[in-house]
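A.B. asks: Here the sequence shown is numbered in this note's numbering, starting from 1172 and rising by one per residue.
I have a structure I would like to understand better, so I am pasting it below and will then ask my questions one at a time.
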Amino acid sequence: MAPIRGRGAYWALIAALACGATGLMPTVDAQTGNSAAKKATPGKSRTEDRGQWGEPADGVRLRTIAVAAETDEQKPDFHKAKLATEYPTAKDVTLLVELQNVSNKPLSLQGTRYGDAVTPPWPGKSVSDSFAPYLFECDVLGQNGKPVDHPQRVMLEVDTMMSLSSGQAETIEPGKSLVVLIRPLGWDATLARAVGPGQYTMRVRYRGPGEGVVKEMQRVWPDKPLTKVWAGNAASAPISFRIAESKLKARELVWGEVTDGLEAAIELRHPARTPQALRDTATATFPQGAALDVRLHVRNAGEKDISFWSETWRQDDAVVVIGDDGKEKTLEHSWYSGWARVERWTLKPGQSAVLPAISVAVVADREAAEKLEHPVGPTIIGVAGQYRLRIDLSFNKWKRESPGGKTIPGPEDFQGSLSTGVATITVREREPGDDPPTFTARLLFQSPDGKPIAAGEVEVRRQAGKELAKGEFQAGQFEVPRCPFESLRVSVRAKGYEETQFYEVAVKPNESTPLTLKPAQPLRFRLVSRD
């Protein structure tokens, strides 16, 4: 089994298996890697701010710098990125890692971009939160110099293989580098919760997929380029960062009854990162129409180590709403198929695991429920007010067999059920500030000579798939009302032109974005009789 360095998003995995992506990771000349830089806070630039190299291992060495959370992972520039020394929360910690080939021959490395096994627009896209957790490890030390205490977990190597199988193998020439962006505390809610305000030191390790995972991939896909990627253990020099004090304090968890040494609690969080969303999470007050992130906390309340297996994204647990009269109602929801990855946790006494689960939504009526974006979890439909709920967790609804023939969960693992304590949330009516800012986007469909196309049909969607606008355009013009500040996916049909789908269409307020259609070519063919 492979050690878990964090977790990737479940839906990115589904996209990887069902869709797919290639792209070249940016390369830099590591021989001239030290350049002047400024910190996120005012101060003089120093070349050493760009990170110290760690010791080489099997032809690879790496260095790491802490950068601003808004750094673009699609274009990670080790020399130009804005440096950071402090972050508002652990989840915001963002690093650039430079992996240099110090051998005398080309090396194949796996980074964070999709390979060619996925469909547009994913080829070449970096999806760090999906790939990096299985390629990197991070050692975190507190101000006292001791490691931050958190439980250990392992994943079946076949599951790690599936998580990495849609990635890209990059050939790096001697002296050249691969640069990737990682969010090491964003992968792991368990570790992030243990990293409170204060000063920390971190060492990043690049292991690649791991030898066991590479062997598993060689068994399943012997011709896949990823079967030849580097696997080892190269570490960076330590870097430091600070987590700032927050005026918003996390709410106390309400634990359920102890069962065989374990107890559970539910934490609900607003998925957005706006100041209002952070206040909502701190006060457990959420607007109607929100799909809340669910984190299930499982704590060892006993006196000996306890192990259990869990899916990386739980969706089989029962969400129970408790009325004022004490009556209980279990909320139903759709079940989403896909490769369910599992991992084995081992908790020492007092340690907790944080398990991500399908969202819980709060809406005013069924019409609003129909507008929720997938994946749609259990949904509370009702007026604004207080609601009480708990979640009943089961650790015995599935069985699997490891490649070695061992059944999991095993007899030494916890296989019972846990109920969280009852959590109370307040649902409020939606306010204008709860919606992200939008604008009216304008598209201009034109021929190769720049002339507007007379008429046609168009459909505009977000990259995630949600429809924004659909209809006919005239004189090349089409408006998209309430357009979010993000790139779009545009499908268009017009007489005399090829049907076209545009990916990642960048739009801006008060500007028309031109899209050029290719004239259709007459179809020529010849019929030949059998005689």
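By construction, the Cβ of each residue, glycine as well, lies at the ideal position given by its N, Cα and C atoms.
Predicted, not measured: the structure shown is a model, and the values here were computed from it.
1) For Thr1342, which residues does DSSP report across the bridge?
2) Is DSSP giving Tyr1507 helix, strand or coil here?
3) Using the DSSP secondary-structure output, state which residues sit across from Ser1297 in a beta bridge.
4) How far does the beta strand (DSSP E) with Glu1269 in it reach, from first residue to last?
5) Does the Cβ of Tyr1674 have 16 or more other Cβ atoms within 10 Å, making it buried, or fewer, making it exposed?
6) Can you check whether the CB of Thr1483 is closer than 7 angstroms to the CB of Gln1323?
7) Hey, quick one: how far does the alpha helix (DSSP H) through Arg1613 stretch, first residue to last?
8) Distance check for Ala1453 and Asp1605, CA to CA, integer angstroms please.
9) Report buried or exposed for Pro1304, applying the criterion of at least 16 other Cβ atoms within 10 angstroms of its Cβ.
10) In whole angstroms, give me the CA-to-CA distance for Ala1677 and Glu1650.
11) Taking Asn1275 as the reference, which of Lys1347, Arg1561, Trp1426 and Gly1357 has the closest Cα?
12) Excluding five sequence neighbours on each side, which residues of the same chain lie with their C-beta closer than 8 angstroms to the C-beta of Thr1684?
13) Taking the straight line between their C-alpha atoms, what separation do you get for Leu1688 and Leu1639?
14) Assuming Ser1337 contacts Gly1286 (C-beta within less than 8 angstroms), just tell me the rounded distance between them.
15) For the segment 1358 to 1437, list the alpha helix (DSSP H) runs that are entirely contained and at least 4 residues long, ordered along the chain.
16) What residues match up with Leu1449 in a beta bridge as DSSP calls it?
17) With a threshold of 6 angstroms on Cβ separation, who are the neighbours of Ala1240 within its own chain once the five nearest residues in sequence on each side are excluded?
18) Check each candidate in Glu1643, Ala1625 and Glu1657 and name the one with the smallest Cα separation from Gly1636.
19) Can you have a look at Pro1247 and say buried or exposed, based on whether 16 or more other CB atoms are within 10 angstroms of its CB?
20) Taking just the CA atoms, how far does Gln1617 sit from Leu1686?
21) If you check the beta carbons only, do Ser1279 and Lys1399 fall under 7 angstroms apart?
22) Between which two residues does the alpha helix (DSSP H) holding Ala1539 run?
23) Threshold first: 3 residues or longer. Then list the beta strand (DSSP E) segments lying entirely within the segment 1519 to 1568, N to C.
24) Could you check what DSSP says for Lys1262 in three-state terms: helix, strand or coil?
25) Are the segment 1397 to 1414 and the segment 1356 to 1373 in contact at 8 angstroms, needing three or more beta carbon pairs?
26) Quick check: what's the CA-CA separation for Val1663 versus Lys1251?
27) Where does Arg1515 sit, in a helix, a strand or coil, going by DSSP?
28) Using a Cβ-Cβ cutoff of less than 6 angstroms, which residues in the same chain neighbour Pro1259 once the five nearest sequence positions on both sides are dropped?
29) Short of 7 angstroms in beta carbon distance, which residues of its chain neighbour Asp1330, apart from the five on each side in sequence? Order them along the chain.
30) What is the rounded straight-line gap between the Cα of Ala1691 and the Cα of Arg1559?
31) Suppose contacts are defined by Cβ-Cβ distances below 7 angstroms. Is Pro1546 in contact with Tyr1507 by that definition?
32) Is it true that the CB of Arg1234 sits closer than 7 angstroms to the CB of Glu1257?
33) Check whether the Cβ atoms of Phe1457 and Val1533 sit closer than 7 angstroms, and answer yes or no.
34) Distance, Cα to Cα, Pro1277 vs Gln1271?
35) Is Gly1592 near Ala1436, with beta carbons less than 7 angstroms apart?
36) Under the three-state reduction of DSSP, which class applies to Ser1216: helix, strand or coil?
C.D. replies: Judging by the given coordinates:
1) Ser1279
2) coil
3) Arg1284
4) Thr1265 to Asn1272
5) exposed
6) no
7) Here Arg1613 belongs to no alpha helix (DSSP H); instead the beta strand (DSSP E) covers Thr1609 to Gln1617.
8) 16 angstroms
9) buried
10) 14 angstroms
11) Lys1347
12) Ala1612, Arg1613, Leu1614, Leu1615, Val1676, Ala1677 and Val1678
13) 21 angstroms
14) 6 angstroms
15) 1360 to 1365 and 1382 to 1391
16) DSSP output for Leu1449 lists no bridge partner at all.
17) Asp1263 and Thr1265
18) Glu1657
19) buried
20) 6 angstroms
21) yes
22) Arg1537 to Glu1541
23) 1523 to 1534, 1550 to 1552 and 1556 to 1565
24) helix
25) yes
26) 38 angstroms
27) strand
28) Ala1415
29) Arg1512 and Val1513
30) 60 angstroms
31) yes
32) no
33) yes
34) 11 angstroms
35) yes
36) Because the pLDDT of Ser1216 is 37, which lies under 50, any placement of that residue in the model is unreliable, and the question is left without a value.
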